[in-house]
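Engineer: These protein sequence lines map, in sequence, to chains V and Z.
Residue numbering for the first sequence is 1 to 118, as defined by our numbering.
Residue numbering for the second sequence is 119 to 324, as defined by our numbering.
All C-beta atoms in this analysis are idealised placements derived from N, C-alpha and C, irrespective of residue type, glycine included.
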Amino acid sequence: MSRAEAGDPVFAEPWQAQIFALAVALQNRGVFSADEWAQALGAEIAGAAAAGGCDDGSDYYERCCEALEHLLIAKGLASHEGVDALAASWARAAEATPHGQPILLENDPERRRAGQAP
Amino acid sequence: MSGHDHHHDHDNHFTPIEARVRALESLMVAKGYVDPAALDAIVETYETKIGPRNGARVVAKAWSDPDYAQRLKADGTAAVAELGYGGRGGEHIVACFNTPEEHNLIVCTLCSCYPWPVLGLPPVWYKSPPYRSRAVLDPRGVLADFGVTLPEGQRIRVWDSTAETRFIVVPLRPAGTQGWSEEALAAIVSRDAMIGTALPSAEARR
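Pasting the structure below:
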């Protein structure tokens with residue numbers, strides 16, 4: 001076995017698995033093609049490299065996240081502001097969720113206040 | 119603090135990237151494009167079922183069965199499907215057979231295209247800018263970094279993967295492996311040997 005082969009976790013953190021699975025599921029569903037995904041991802045990677053980003057490939061899943069967001073925006077399925085707002089809501093929901101309970105979007109206090117919780 | 123030691127301290131905090139991924143996921147779930155159970159199934163598949171052991175079985179079979187090797191050469195996708203491997207990232211698999219005259223090396227210069235059904239997900243270095251550029255410009259230097267020195271006169275052919283076509287290297291069967299079972303052969307075929315950045319050897323057998 002060569003270096004870093006044995007015992008390497010497939011994903012370093014759960015969110016990496018989540019973004020990967022989401023990109024695969026959306027291709028399986030035909031929301032975008034494998035080639036569209038490769039082009040979008042390649043553009044983010046090239047952009048980050050041109051901006052002097054890290055050189056070791058460890059930022060790969062961050063680029064996946066950006067590529068997916070930009071692809072969904074290009075497809076008219078998301079907006080930057082919408083994703084921003086939803087991410088902020090998730091962050092608040094996490095803070096408001098007691099330890100050991102699943103983090104649900106409904107736990108966001110602002111969402112509750114706005115009467116959006118079920 | 120709940121005092122339950124099986125709970126992590128950061129359970130109730132999302133980093134910006136964690137929150138963003140949740141946002142994208144929940145948006146697509148809300149729009150009905152993805153099912154959370156399908157996402158879990160994809161993660162489980164890549165964490166437990168798909169990996170370079172699949173490719174090693176393909177290589178071992180090609181070493182053991184000349185007819186299979188011919189089929190693998192002629193139609194990689196169909197030949198790996200014989201062993202039950204296929205699907206996303208493996209729609210068109212091309213097997214690149216090393217020969218005494220030519221060594222094969224795979225890369226994706228654009229991003230990280232890789233033959234998932236047979237090799238799993240790529241290692242971090244495969245996705246790094248230095249590997250993606252140097253594999254093309256200086257493949258011999260890249261191999262030297264991996265501790266691989268090819269015999270003089272053996273050419274290196276670099277294959278640039280795409281979303282449509284993905285490659286797996288079939289290394290030369292090492293000396294000293296006559297009579298080995300397919301399982302024993304598969305055990306000495308490393309992931310890197312199927313990328314082209316390592317060579318199998320009979321000594322690797324444990």
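Counting only Cβ-Cβ distances shorter than 8 Å, please list the residues of the region 263 to 295 of chain Z near chain V, keeping chain order.
Structural biologist: Per Cβ criterion, the list reads F264, T280, A281 and E282.
Engineer: Answer yes or no: do R138(Z) and A87(V) have a C-beta to C-beta separation smaller than 8 Å?
Structural biologist: Contact: yes.
Engineer: Can you tell me which residues form a DSSP beta bridge with H99(V)?
Structural biologist: Answer is none; H99(V) lacks a bridge partner.
Engineer: On the CB-based measure, 16 or more other CB atoms within 10 Å of its CB, does C325(Z) come out buried or exposed?
Structural biologist: Residue coverage of chain Z in this structure runs from 119 to 324, which leaves residue 325(Z) outside it and unanswerable.
Engineer: On the three-state DSSP scale, how would you describe D108(V)?
Structural biologist: Coil at D108(V), not helix or strand.
Engineer: Just to confirm the assignment: which complete alpha helix (DSSP H) runs, minimum length 4, are found wholly within the region 55 to 93 of chain V?
Structural biologist: Qualifying alpha helix (DSSP H) stretches, in chain order: 60 to 74.
Engineer: Is D127(Z) helix, strand or coil by DSSP?
Structural biologist: Confidence in D127(Z) is poor, its pLDDT being 49 and thus under 50, which makes the residue's placement unreliable; the coordinate value appears in the next sentence. Looking at D127(Z) - three-state DSSP - the assignment turns out to be helix.
Engineer: Less than 8 Å between C-beta atoms, sequence neighbours within five positions excluded: which residues of the same chain meet that for V10(V)?
Structural biologist: Within the same chain, V10(V) has close Cβ partners A17.
Engineer: Counting Cβ pairs closer than 8 Å, one from the region 228 to 248 of chain Z and one from the region 31 to 50 of chain V, do we hit at least three?
Structural biologist: The region 228 to 248 of chain Z is in contact with the region 31 to 50 of chain V.
Engineer: Taking all protein chains shown into account, decide if G57(V) is buried (16 or more other Cβ within 10 angstroms of its Cβ) or exposed.
Structural biologist: That one is buried.
Engineer: Which ranges would you report for the alpha helix (DSSP H) in the region 191 to 218 of chain Z if only whole runs of at least 4 residues count?
Structural biologist: With a minimum length of 4 residues, the continuous alpha helix (DSSP H) runs that stay inside the region 191 to 218 of chain Z are 194 to 200.
Engineer: Which residue from N222(Z), R291(Z) and A213(Z) puts its Cα closest to that of A304(Z)?
Structural biologist: Nearest C-alpha to A304(Z): R291(Z).
Engineer: I'd like to check one pair, M312(Z) with P154(Z): are the Cβ atoms closer than 8 Å?
Structural biologist: In this structure, M312(Z) does not lie closer than 8 Å to P154(Z) by Cβ.
Engineer: How about V288(Z) and G314(Z): do their beta carbons lie closer than 8 Å?
Structural biologist: No, they are not a contact pair.
Engineer: Thinking K191(Z) and A159(Z) are a contact (beta carbons under 8 Å), I'd like their distance in whole angstroms, please.
Structural biologist: Contact flag wrong, Cβ pair sits at about 33 Å.
Engineer: Comparing C-alpha positions only, which one of G52(V), D59(V) and H80(V) sits nearest to E69(V)?
Structural biologist: The shortest Cα separation from E69(V) among G52(V), D59(V) and H80(V) belongs to H80(V).
Engineer: Classify F264(Z) as helix, strand or coil using the three-state DSSP reduction.
Structural biologist: DSSP places F264(Z) in coil when its eight states are reduced to three.
Engineer: Smallest Cα separation from E110(V): which of P102(V), E36(V), Q101(V) and E95(V)?
Structural biologist: Ranking the options by Cα distance to E110(V), first place goes to E95(V).
Engineer: Three Cβ pairs or more, each shorter than 8 Å: is that satisfied between the region 263 to 280 of chain Z and the region 217 to 226 of chain Z?
Structural biologist: Verdict: yes, contact present.
Engineer: Can Q27(V) and A21(V) be called in contact, C-beta distance under 8 Å?
Structural biologist: No, the Cβ-Cβ distance between Q27(V) and A21(V) is not below 8 Å.
Engineer: What residues from chain A crowd round R29(V), counting only those whose CB sits closer than 8 Å?
Structural biologist: You won't find chain A in this structure, because its protein chains are V and Z.
Engineer: Chain Z beta carbons: is any one of them nearer than 8 Å to that of A94(V)?
Structural biologist: Taking Cβ atoms only, chain Z reaches closer than 8 Å to A94(V), which makes this a yes.
Engineer: Using DSSP's beta-bridge definition, name the partner residues of W277(Z).
Structural biologist: Paired residues: I224(Z).
Engineer: Going along chain V in order, which residues have a C-beta closer than 7 Å to the C-beta of K167(Z)?
Structural biologist: Here the premise fails: no neighbours, minimum Cβ distance about 11 Å.
Engineer: By how many angstroms is the C-alpha of R206(Z) removed from the C-alpha of E321(Z)?
Structural biologist: In a straight line, the C-alpha of E321(Z) is about 34 Å away from that of R206(Z).
Engineer: Output the distance between the C-alpha atoms of T295(Z) and A196(Z), rounded to the nearest integer angstrom.
Structural biologist: About 27 Å.
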